[in-house]
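One point on numbering: in the UniProt record's numbering, the residue at position 7 of the sequence shown is 7, and numbering is uninterrupted.
Note that beta-carbon positions come from the ideal geometry of N, C-alpha and C, so glycine has one too.
Here the structure is laid out as structure tokens; the discussion comes afterwards.
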Amino acid sequence: MPITGEAGWTLDQWGHSRFRTLGGSTDNATNLKHLTMLMRQLLKSMLDHADAWPFKEPVDARDVPDYYEIIKDPMGKTNPYISY
């Protein structure tokens with residue numbers, strides 16, 4: 001995931017958090033499952049919102065000619081949760 005890597009985060013930091021996820025478990029696998037479930041629910045809620053329409057279809061380069069020059073990695077191309 002480029003964003004977390006650019007921020008300097010690594011997967012081994014999961015066990016070092018002072019925060020606990022749903023259920024208060026200290027088991028990393030359980031925390032990761034809960035966090036993944038929460039993030040999927042959040043993404044679904046955002047995409048189901050009426051104001052999410054601009055993000056549901058890819059940008060047409062004919063309408064915005066320089067879009068793909070500015071946005072090098074559009075979310076729809078790399079995000080498995082958004083399908084066009």
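Please report the distance separating the alpha-carbon of residue i from that of residue j.
i          : j          : result
residue 74 : residue 58 : 8 angstroms
residue 39 : residue 64 : 30 angstroms
residue 28 : residue 37 : 14 angstroms
residue 55 : residue 33 : 26 angstroms
residue 1  : residue 72 : Its pLDDT being 49, under 50, residue 1 is placed unreliably by the model, and the measurement read from it follows with that caveat. If you take the alpha carbons of residue 1 and residue 72, they lie about 15 angstroms apart.
residue 67 : residue 44 : 25 angstroms
Helix, strand or coil for residue i, going by three-state DSSP, please let me know.
i          : result
residue 71 : coil
residue 61 : coil
residue 49 : coil
residue 33 : helix
residue 42 : helix
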